[in-house]
Amino acid sequence: MKAPSVHETVILTLILAGSGVIGGLALTVGTPDPSCPRGEGIARTFTIIADLDGYNGSKLRGGMEPSMTASRCDTITIRLVNRDFQAHGLAVTFYAVNGIEVIKDDTQRITFQAVKAGVFRVYCNTQCSVHNFMQSASLTIT
Ligand SMILES: [Cu+2]
691 MKAPSVHETV ILTLILAGSG VIGGLALTVG TPDPSCPRGE GIARTFTIIA
741 DLDGYNGSKL RGGMEPSMTA SRCDTITIRL VNRDFQAHGL AVTFYAVNGI
791 EVIKDDTQRI TFQAVKAGVF RVYCNTQCSV HNFMQSASLT IT
């Protein structure tokens, strides 16, 4: 096997960095990350409306909603529409841990490619008055 070119090494590093495999200075090579060839997967958009009833009314259902599903390699966009007077947030474990904060009457989105299968928690990361009802939404990647 020939040594990777500089170009290939840069791409590998970017893929690993994007997947979270690189932590600090530790570079893990030889542990294949599930990759998605270009063109694999479809675009899926989910809309979550945040208001005093939680995420899409999650307060009325014990805070356990919404449940979103997609396939690995899909490009996922989650729109957070804020119809409340206070700010709300949205974060996704593994994929978007820093999340977004959306102010009154605004809409923002998070977009990422679902390279990893599993069940990921979707939650509000901004302190708000209905926070407890926005902690257990989910994104299932099959
Ligand atoms: Cu909150």
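For the sequence shown, this note's numbering begins at 691 and goes up steadily by one.
All residues carry an ideal CB built from backbone N, CA and C; glycine is no exception.
With which residues is residue i paired in a DSSP beta bridge?
| i | result |
| --- | --- |
| Val639 | Here the chain has residues from 691 to 832 only, and residue 639 is not among them. |
| Ile790 | Leu780 |
| Ile732 | Note: Ile732 sits in no beta bridge, so no partner. |
| Met754 | The partner list for Met754 (beta bridge, DSSP) is empty, contrary to what the question assumes. |
| Thr765 | Ala733 and Gln803 |
| Phe810 | Leu829 |
Looking only at its own chain, which residues have a Cβ that is under 6 Å from the Cβ of residue i, when we skip the five neighbours before and after it?
| i | result |
| --- | --- |
| Leu717 | Residue confidence is low: Leu717 scores 39 on pLDDT, short of 50, so the model does not pin down where it sits. Its coordinate-derived value is still stated next. The answer is none, since no qualifying residue turns up. |
| Cys814 | His778, Gly779, His821 and Met824 |
| Ser757 | Ser828 |
| Ser826 | Gly753 and Met754 |
| His783 | With the sequence shown as reference, residue 783 is identified as Thr, and His is not the correct amino acid for it. Around Thr783: Phe810 and Arg811. |
| Asp764 | Gly731, Ile732, Arg734 and Ala804 |
Rounded to the nearest angstrom, what separates residue i and residue j at their Cα positions?
| i | j | result |
| --- | --- | --- |
| Asn746 | Glu730 | 30 Å |
| Ala781 | Ile793 | 15 Å |
| Thr801 | Phe810 | 15 Å |
| Thr816 | Ile790 | 9 Å |
| Val812 | Arg728 | 26 Å |
| Asp796 | Thr759 | 25 Å |
| Asp774 | Tyr785 | 25 Å |
| Ile732 | Arg751 | 30 Å |
| Gln803 | Ser819 | 31 Å |
| Asn788 | Lys749 | 23 Å |
| Asp741 | Gln776 | 9 Å |
Out of the options, state which residue places its alpha-carbon closest to the alpha-carbon of residue i.
| i | options | result |
| --- | --- | --- |
| Arg769 | Ile738, Arg762 and Ile831 | Ile738 |
| Asn772 | Asp764, Ala804, Asp743 and Arg751 | Asp743 |
| Ser725 | Val805, Ser819 and Cys818 | Val805 |
Quick one: residues in its chain with C-beta nearer than 8 Å to the C-beta of residue i, no 5 flanking neighbours on either side, listed in chain order?
| i | result |
| --- | --- |
| Glu698 | In this prediction, Glu698 has a pLDDT of 43, which is less than 50 and means its spatial position is unreliable; what the coordinates show is noted afterwards. Cβ within range, chain order: n/a, list empty. |
Between which residues of its own chain and residue i is the CB-CB distance below 7 Å, once the five residues before and five after are set aside?
| i | result |
| --- | --- |
| Ala807 | Arg762, Ile831 and Thr832 |
| Gln798 | Leu770, Ile790 and Val792 |
| Thr735 | Thr767 and Arg769 |
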